[in-house]
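Residue numbers for the sequence shown follow the numbering used here, beginning at 149 and rising by one. Glycine is no exception: its CB is placed at the ideal position from the N, C-alpha and C atoms. Some notes on the structure that comes next.
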Amino acid sequence: MSGSTRRYIYSLAMLIILSQKPCFAEDKKAGPDQLFYAGNGYYEKQDYANAIKEYAKIKDAGGLESGPLYYNIGNAFLKLGKTGHAILYYERAKRLMPHDSDLKSNLAYARSLVGDSSPEVQARNLIVRTLERPFRNFSLKRIAVLTILLYFIAIFVQIIFVFMPVLKRRFGFTFALLFIIFLFGLAAFSIRYYEEKILEGGIIILKDVECKYEPIDKSTTYYTLQEGSN
């Protein structure tokens, strides 16, 4: 199943669920499904500004989040030439659907338009990169679910070993491997949670931002961040 098909099914399911909720104060106002289709209609007419307005109404209605919604908003901003805004929403969509191939391609293209203008940063620790690699295409929620599942499986197996020691001699290596995978998942979840929920990185949406040594206008500029940098 292609990335576009999966995203369409995900969008349809999300809209069906949300359409059952009283997300708007007045019944006369359009529901999220109508707003989504209206935004798509504007997008097809190349009226990207109004498409963003319709999509934003869904996003602002009770803090709703959706990977396909953020993806569509990013596409509209990219069409308007607002690369920084496009990258911002692509990154938001990536947190919810990190495996989507179309999203990866559009994000890479958007970043190619601004180049690597961020200041040089220290390379990430080799251990951190090793721990994250097996879960790089997993969302934070999926990593959490997998880690919890592995934890309960490990506890269940350990209980079995207590009552049936003979199995421990036969499957001890398998249990050790399972426990190691659990530790990998726990470490990956901790790293991802820190990066997404605590670190709270950002995307530059202005054309350029000067970073100075002191918080005054006359201070010497240390480096300049271009649109789309993070």
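Where residue i sits in the DSSP three-state scheme
{"i": "P313", "result": "helix"}
{"i": "R340", "result": "helix"}
{"i": "N285", "result": "coil"}
{"i": "G320", "result": "helix"}
{"i": "Q194", "result": "coil"}
{"i": "P246", "result": "coil"}
{"i": "G179", "result": "coil"}
{"i": "R213", "result": "Correcting the residue identity first, residue 213 is Glu in this sequence and not Arg. E213: coil per DSSP, three-state reduction."}
{"i": "G232", "result": "helix"}
Same chain, Cβ closer than 7 Å to residue i, neighbours up to 5 away in sequence not counted
{"i": "Y237", "result": "Y218, I221, G222 and F225"}
{"i": "K227", "result": "Y196"}
{"i": "R139", "result": "Only positions 149 to 378 of the chain appear in the structure, and residue 139 is not among them; the question remains open."}
{"i": "K207", "result": "L217"}
Nearest-angstrom beta carbon gap, residue j and residue i [assumed within contact, 8 Å]
{"i": "F323", "j": "L279", "result": "With 8 Å as the limit, F323 and L279 do not qualify as a contact, their Cβ atoms being about 21 Å apart."}
{"i": "C215", "j": "A199", "result": "Looking at the sequence provided, one finds Gly at residue 215 rather than Cys. About 17 Å separates the two Cβ atoms, so there is no contact after all."}
{"i": "A234", "j": "F283", "result": "With a Cβ gap of about 26 Å, A234 and F283 do not count as contacting."}
{"i": "T231", "j": "V262", "result": "5 Å"}
Residue i classed as buried or exposed, judged by whether at least 16 other C-beta atoms fall within 10 angstroms
{"i": "M312", "result": "exposed"}
{"i": "D248", "result": "buried"}
{"i": "L325", "result": "exposed"}
{"i": "I303", "result": "exposed"}
{"i": "Y203", "result": "buried"}
{"i": "A256", "result": "exposed"}
{"i": "Y190", "result": "buried"}
{"i": "V310", "result": "exposed"}
{"i": "K205", "result": "buried"}
{"i": "F330", "result": "buried"}
{"i": "K242", "result": "buried"}
{"i": "L297", "result": "exposed"}
{"i": "L183", "result": "buried"}
{"i": "L274", "result": "exposed"}
Residue i at chain C interface by Cβ criterion, 8 Å
{"i": "K230", "result": "Among the chains in the structure shown there is no chain C, since it carries only a single protein chain."}
Residues of its chain near residue i, where Cβ-Cβ distance is below 8 Å and the 5 sequence neighbours each way are ignored
{"i": "I308", "result": "L315"}
{"i": "N285", "result": "P246 and H247"}
{"i": "A258", "result": "G222, L226, T231, A234, I235, Y238 and G376"}
{"i": "V276", "result": "I339"}
Beta-carbon contacts of residue i that lie in its chain and below 6 Å, excluding the five residues immediately before and after
{"i": "L245", "result": "The amino acid occupying residue 245 in the given sequence is Met; Leu does not appear at that position. For M245, where only same-chain residues beyond five positions count, the Cβ hits under 6 Å are G215."}
{"i": "V305", "result": "F323"}
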